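Going by the working numbering, the sequence shown runs without a break in its numbering and finishes at 734.
Where a beta carbon is used, it is the ideal one built from N, C-alpha and C, also for glycine.
On a predicted model such as this, the values are computed, not experimentally measured, just so you know.
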Amino acid sequence: MRPSWIKVFHDLWDNKARTLLVVFSIAVGVFSIGVIAGAYEIIQQDMGMSYASNNPANIEIRTTDFDSDLLASIQNTSGVLEAEGRRVVNFRVRLPEGGRWVALDVLALEDFSESTINLLAPVSGASQPQKDEVLLEKESLEKLDVTVGDMLLFELADGTLKSLRVAGVVQDASTGAGDFLAASFAYISMDTLQTLRQPELFNRVFVTVSEGQDDLEHIREVGGVIKNKFERNDRLVFRTRFSETHKHPLTDTLNAVLGILLALGILIVFLSSSLIANTLNALLNQHLRYIGVMKLIGGRSRQVLIMYLTLIVSFGILALLIAIPVGGQGAYGLALFMAGELHFNLLGYRIVPAALVIQIAVGLLVPLVAGLIPVLNGSRITVQRALSGDLADEQTGADQARVSWFDWMMVRVVRLLSAWGIRFPRPFVISLRNTFRRKGRLALTLFTLTMGGAIFIAVFNVRVTLHDYIDQIGKYFRADVTLDFDQPYRTDEVEQFVMQVPGVERVEGWQFIGSELLYEDETTADVLNILAPPAGSMLVTPLIVSGRWIRADDVRKLAISEAALKYYPGLGPGDLIPLKINGRVEHWEIIGVFKFVGRDGVLAYTPFEYSSQVLNLSNRSSSYRLVTTEHTREFQDAMAGKLDRFFRDQGFKVRQAESGLASLDSASESLDILVTFLLIMAILTAIVGAMGLTGTM
38 MRPSWIKVFH DLWDNKARTL LVVFSIAVGV FSIGVIAGAY EIIQQDMGMS
88 YASNNPANIE IRTTDFDSDL LASIQNTSGV LEAEGRRVVN FRVRLPEGGR
138 WVALDVLALE DFSESTINLL APVSGASQPQ KDEVLLEKES LEKLDVTVGD
188 MLLFELADGT LKSLRVAGVV QDASTGAGDF LAASFAYISM DTLQTLRQPE
238 LFNRVFVTVS EGQDDLEHIR EVGGVIKNKF ERNDRLVFRT RFSETHKHPL
288 TDTLNAVLGI LLALGILIVF LSSSLIANTL NALLNQHLRY IGVMKLIGGR
338 SRQVLIMYLT LIVSFGILAL LIAIPVGGQG AYGLALFMAG ELHFNLLGYR
388 IVPAALVIQI AVGLLVPLVA GLIPVLNGSR ITVQRALSGD LADEQTGADQ
438 ARVSWFDWMM VRVVRLLSAW GIRFPRPFVI SLRNTFRRKG RLALTLFTLT
488 MGGAIFIAVF NVRVTLHDYI DQIGKYFRAD VTLDFDQPYR TDEVEQFVMQ
538 VPGVERVEGW QFIGSELLYE DETTADVLNI LAPPAGSMLV TPLIVSGRWI
588 RADDVRKLAI SEAALKYYPG LGPGDLIPLK INGRVEHWEI IGVFKFVGRD
638 GVLAYTPFEY SSQVLNLSNR SSSYRLVTTE HTREFQDAMA GKLDRFFRDQ
688 GFKVRQAESG LASLDSASES LDILVTFLLI MAILTAIVGA MGLTGTM
């Protein structure tokens with residue numbers, strides 16, 4: 038082995054602490070990039086393929102009841118590949134021995150074996166329910182402590198209870214995808230509807246198109262034809278939903294999350310590169326006499342350059358041996374976690390070629406680029422200066438005699454303070470001078486520590502901002518308990534009974550208008566959820582962007598969320614927009630735009646006083662918002678249970694009583710996915726910064 042390679046080996050082996058520092062500095066950057074690039078590639082491939090493998094519906098339409106004859110007509114519509122009718126009914130369920138009531142959306146199918154849309158993946162137990170049996174979607178197991186073979190009590194509209202056996206657990210990656218606040222799902226056969234006292238009719242249709250499955254405009258055109266067919270047959274269309282076959286509804290959201298993580302990963306690579314440059318600069322400073330001896334006995338600058346570049350490559354290779362396998366496992370772990378949170382399946386562990394190439398490039402090229410300047414300076418140094426141990430650039434005699442401005446300033450300050458009787462110990466003055474002696478290395482060290490701290494602070498600021506966003510969402514849902522009934526009741530009657538329950542301070546009746554936001558050509562743009570609180574309600578504090586809030590005398594006027602700007606750029610107060618309400622197209626005036634972005638449709642508000650006329654429900658409501666004396670989640674849950682029992686005992690048909698913080702906590706858990714990985718990246722940043730400080734010391 039040539040002496041130069043022996044020296045490289047000794048440089049690696051003799052100072053193990055330094056080698057580990059450099060190797061781990063490189064490995065952290067390679068690992069972070071590998072995890073994010075690998076997870077991004079795995080999620081991009083598997084999310085779309087997993088979603089498409091369930092043959093998701095391109096069109097979902099919710100209507101009043103219809104029969105198999107109308108379904109057959111839809112199946113024969115031009116552009117339709119498959120169409121399936123299902124009945125979806127909301128029930129409250131619990132275990133026979135008692136416990137908390139849980140809301141379930143129950144989907145009834147005619148023939149599970151013949152179903153081809155929104156396929157169900159069996160998890161355990163049976164994959165097809167028999168009469169008086171139910172399949173549970175696996176997410177519902179988080180709310181219901183049941184296993185296959187247990188019995189569940191279903192509460193019917195008249196208050197009677199029916200028992201169904203849990204036959205199996207399935208995964209539904211299509212129905213409700215993208216809606217974090219959607220109810221849990223369960224599945225029954227059509228003949229079980231008789232047991233639950235429901236008509237054997239459909240109220241929802243799922244359609245796939247024969248071509249252009251990823252062309253949203255084409256899907257909307259076919260959906261418009263089907264909607265018209267429903268309306269011509271005197272069926273009201275409550276809601277439509279369009280989606281592409283190979284694009285999961287949360288793809289854009291997830292790409293934004295991974296984009297933030299990728300940006301942090303790149304910053305970590307920059308931090309590790311500055312750390313590498315700092316460490317190599319210190320290494321060459323230690324090796325100056327070795328370089329001087331090599332040049333003294335005939336070594337050329339080119340040979341010194343190649344030897345130290347080989348040392349840098351060796352550091353990179355060692356880092357890759359650590360970072361590649363760990364990064365691969367980390368990428369799959371991140372993708373697996375995301376898949377679990379967003380309810381899709383991965384296609385299995387694998388090495389991602391693109392991520393591997395990126396890791397190798399980062400592991401080899403970044404250290405070479407970072408260490409090139411220190412190595413070039415070290416290889417070009419003269420024998421005399423190398424033996425004297427000074428890596429600074431060679432200077433002329435006049436320059437050597439010149440005192441630096443910092444030394445001059447420090448001498449003046451020390452003398453001035455001494456004249457005032459303030460004296461500094463000599464070791465302190467020397468250490469202060471040495472701190473600024475290598476200004477390039479000092480700048481690099483400060484850059485590393487400053488960027489590391491800035492990133493760490495930024496990550497925690499993002500975390501605080503996200504939770505502030507949840508708090509802002511909470512301004513629109515400030516009730517402590519939401520009490521929903523199966524039918525409307527007079528507001529004064531409900532208020533009279535509510536105030537008999539200890540712990541309640543006040544109550545408001547709200548209404549809801551289901552509608553669709555239309556384009557100018559009257560095709561559907563999105564779902565429009567119109568909430569109708571009393572004018573002057575204290576339970577909503579909007580963040581107004583432009584215009585004003587609702588008033589009691591507003592007629593066909595609404596305040597709309599800024600999500601509508603996606604369909605009507607430049608929308609503002611005074612503009613008219615077309616809506617479809619109860620099958621009729623109406624034009625409503627925009628009085629204000631407020632800040633709120635949700636996952637499921639566009640949110641708007643109109644006064645209770647006018648919505649009562651639209652719904653023909655004068656001073657009646659089926660939904661009430663209550664304020665309690667305490668505002669903790671525990672007290673809200675307790676009050677929800679108490680109110681549920683109280684009103685049932687009084688003969689009211691209660692659909693559900695839910696604590697106000699329940700929905701906000703669900704939204705917070707969704708955002709915590711991002712926060713978790715931001716914290717992981719912040720920890721990696723802190724590690725790199727700590728290594729930089731260690732290398733400097």
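| query | result |
| --- | --- |
| DSSP bridge partner residues for S221 (one or two, in chain order) | L141 |
| Classification of H624 by the beta-carbon crowding that lies within 10 angstroms, buried from 16 upward | exposed |
| Residues sharing a beta bridge with G205, DSSP | G162 and L172 |
| Pair within 8 angstroms by beta-carbon distance, F645 and W547 | yes |
| Y642, enclosing beta strand (DSSP E) - first and last residue | V639 to Y642 |
| N- and C-terminal bounds of the alpha helix (DSSP H) containing L342 | S338 to L379 |
| The segment 361-380 contacting the segment 265-281, beta-carbon criterion three pairs below 8 angstroms | no |
| Terminal residues of the alpha helix (DSSP H) in which A407 lies | P390 to S416 |
| Beta-carbon proximity check, L118 vs S211, cutoff 8 angstroms | no |
| Residues that DSSP places opposite N127 in a beta bridge | D142 |
| C-alpha gap between D148 and A360, whole angstroms | 50 angstroms |
| C-beta contact flag for G302 and L357 at 8 angstroms | no |
| Status (buried if at least 16 other CB within 10 Å, exposed otherwise) for E695 | buried |
| Check whether E626 and A391 have beta carbons under 8 angstroms apart | no |
| Top-ranked residue by Cα proximity to M488, from L295, F128, S309 and E121 | S309 |
| Cβ contact check for the segment 92-107 and the segment 236-243: 3 or more pairs under 8 angstroms | yes |
| For R55, the nearest candidate out of E170, A398 and L320 (CA to CA) | L320 |
| Collapsed DSSP secondary structure at A94 in the structure displayed | coil |
| Anticipated Cβ contact below 8 angstroms, Y526 with R657, distance rounded | 6 angstroms |
| Beta-carbon gap between V541 and T669 smaller than 8 angstroms | no |
| Pair within 8 angstroms by beta-carbon distance, G364 and V67 | yes |
| Continuous beta strand (DSSP E) stretch holding M188: start and end | M188 to E192 |
| Whole-number beta carbon distance between K512 and L602, since they are thought to touch under 8 angstroms | That pair is no contact at about 20 angstroms. |
| Sequence-distant residues of the same chain with beta carbon closer than 8 angstroms to L454, five excluded per side | R460 and F461 |
| Within 8 angstroms, strictly: CB atoms of L141 and V125 | no |
| Collapsed DSSP secondary structure at D51 in the structure displayed | helix |
| Straight-line gap, Q533 to V183 (C-alpha atoms, nearest Å) | 38 angstroms |
| For P615, the residue or residues it bridges with in DSSP | H624 |
| Short CB-CB distance (under 8 angstroms) between I334 and chain B | Annotation note: the requested chain B is absent from the structure, which comprises a single protein chain. |
| Of the residues V389, Q167, N414 and I354, the one placed nearest L342, counting alpha carbons only | N414 |
| Cβ-based neighbour list, Q165, same chain, cut-off 7 angstroms, excluding 5 preceding and 5 following | F149 and S150 |
| Straight-line gap, D681 to L520 (C-alpha atoms, nearest Å) | 8 angstroms |
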